[in-house]
Amino acid sequence: TPMQNDLEEFYSMV
Amino acid sequence: MLELRLVQGSLLKKVLDAMRELVNDANFDCSATGFSLQAMDSSHVALVALLLRSEGFEHYRCDRNLSMGMNLNNMSKMLRCAGNDDIITIKADDGTDSVTFMFESPNQDKIADFEMKLMDIDSEHLGIPDAEYQAIVRMPSSEFARICKDLSSIGDTVVISVTKEGVKFSTAGDIGTANIVCRQNKTVDKPEEATIIEMQEPVSLTFALRYLNSFTKATPLSDTVTISLSSELPVVVEYKIAEMGYIRYYLAPKIEE
């Protein structure tokens, strides 16, 4: 099964 | 001092139903712009962003920016006590640790107020830059909900592929496979029944169906849903809330190992 990405891989914390 | 009066109180109930499967606790932010929220699910895979613009309220008073931490299940318990035709007013005083929901029946013969304790929540806001999406699909929200529900009985993940021919939803599981293709269809009697595909280039991404099914809890808020896709970006699933704003869900794609 494919690995699940994390949102923080794409967007940075502000 | 905060006082927000929403004539269509049932809308707030629907908004809560659209979020509470994904998020337990969240900060509601009130500013001159409106009543908004951004919260991630506990696994940091999905995010929900809500905006109800101030112009959409019959009365909107927010003297200074205020962030109110609420448990969404508790909030839902209170809002369930409002009648579907009730007018809902949200009130809070500066520096207090509670919020009051006031419910008024349409003919003003019943007025109730429910006070709920607020909570301190460490808010983690993500900065989401504007992006150009390779494909944007607009389709009836009920159709999207049906597809996600049907496919989740076959598999755990869905591959969403957009080509010139249409948008394809595919899954595979132990019992077999399924493919559903929705072609662009602009020639319908009602615009909300159309499927419209704006494609810059073909795109194909894999997502967990469990989260997409949670997003479809927003179906009662809008007749249509917009799905924005780009390779190597989270999908954005947006339900517009008529004359008020939107609820948007972001979901990170799955990647092949």
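Protein chains in written order, with the numbering used here: chain A, -10 to 3; chain B, 897 to 1153. All C-beta atoms in this analysis are idealised placements derived from N, C-alpha and C, irrespective of residue type, glycine included. Given the structure is predicted, the values throughout are model-derived calculations rather than measurements.
Query	Result
State yes or no: is the beta carbon of H1021 (chain B) nearer than 8 Å to at least one beta carbon in chain A?	yes
Please check if any C-beta of chain A sits within less than 8 Å of the C-beta of V1058 (chain B).	no
Since L1105 (chain B) contacts L1047 (chain B) with CB under 8 Å, what's their CB separation in whole angstroms?	6 Å
Could you tell me the boundaries of the alpha helix (DSSP H) in which D913 (chain B) lies?	906 to 915
Measure the alpha-carbon distance for A1114 (chain B) versus G991 (chain B) and round it to whole angstroms.	32 Å
Does the beta-carbon distance from Y1142 (chain B) to E1152 (chain B) come in below 8 Å?	no
Just to confirm the assignment, what range does the beta strand (DSSP E) spanning I1123 (chain B) have?	1120 to 1125
Take the Cβ of K1060 (chain B) as the centre, count every other Cβ of all protein chains shown within 10 Å, and call the residue buried at 16 or more, exposed below.	exposed
Would you mind stating whether M1015 (chain B) and N967 (chain B) have Cβ atoms separated by less than 8 Å?	yes
Which residue comes first and which comes last in the alpha helix (DSSP H) that contains M1048 (chain B)?	Per the sequence shown, the amino acid found at residue 1048 (chain B) is Ser instead of Met. Element bounds for S1048 (chain B): 1037 to 1048.
Closer than 9 Å by beta-carbon distance: list the chain A residues that pair up with V1146 (chain B), in chain order.	Looking at the sequence provided, one finds Tyr at residue 1146 (chain B) rather than Val. Within chain A, the residues near Y1146 (chain B) are L(-4), F(-1), Y0.
Indicate whether M974 (chain B) and M915 (chain B) have their beta-carbon atoms separated by less than 8 Å.	no
Over the uninterrupted alpha helix (DSSP H) stretch that includes Y1029 (chain B), give me the two end residues.	Y1029 (chain B) -> no alpha helix (DSSP H), and no H or E assigned at all.
Listing by chain order, which chain A residues have their CB less than 8 Å from the CB of M936 (chain B)?	L(-4)
Determine which residues of the segment 1121 to 1148 of chain B have a Cβ less than 9 Å from any Cβ of chain A, and write them out in chain order.	E1128, L1129, P1130, Y1146, L1147, A1148
Going by other Cβ atoms of all chains shown within 10 Å of its Cβ, with 16 needed for buried, is S1 (chain A) buried or exposed?	exposed
Check A1114 (chain B) in the structure and name its three-state DSSP category.	helix
With 9 Å as the limit, tell me which residues of the segment 939 to 973 of chain B have their beta carbon closer than that to any beta carbon of chain A; keep them in chain order.	S939, H940, V941, A942, L943
Where does K1086 (chain B) fall in DSSP's three states?	coil
Which residue's Cα is closest to the Cα of V838 (chain B): B:R1042, B:S1110, B:L1129?	Here chain B covers residues 897 to 1153 and nothing more, so residue 838 (chain B) does not appear.
Look at the alpha carbon of P1116 (chain B) and the alpha carbon of S972 (chain B), and state the distance between them as a whole number of angstroms.	16 Å
So what's S932 (chain B) in DSSP terms, helix, strand or just coil?	strand
Using DSSP with H/G/I as helix, E/B as strand and the rest coil, what is M971 (chain B)?	helix
Name the chain A residues that come within less than 9 Å of T1053 (chain B), Cβ to Cβ?	T(-10), P(-9)
Quick check: the Cα distance between A988 (chain B) and S963 (chain B), rounded to an integer number of angstroms?	11 Å
R957 (chain B) by DSSP, collapsed to three states: which one?	strand
Is it a yes or a no for the segment 1119 to 1128 of chain B touching the segment 930 to 940 of chain B, going by three-plus beta-carbon pairs under 8 Å?	no
Return the first residue and the last residue of the beta strand (DSSP E) that N1075 (chain B) is part of.	1072 to 1078
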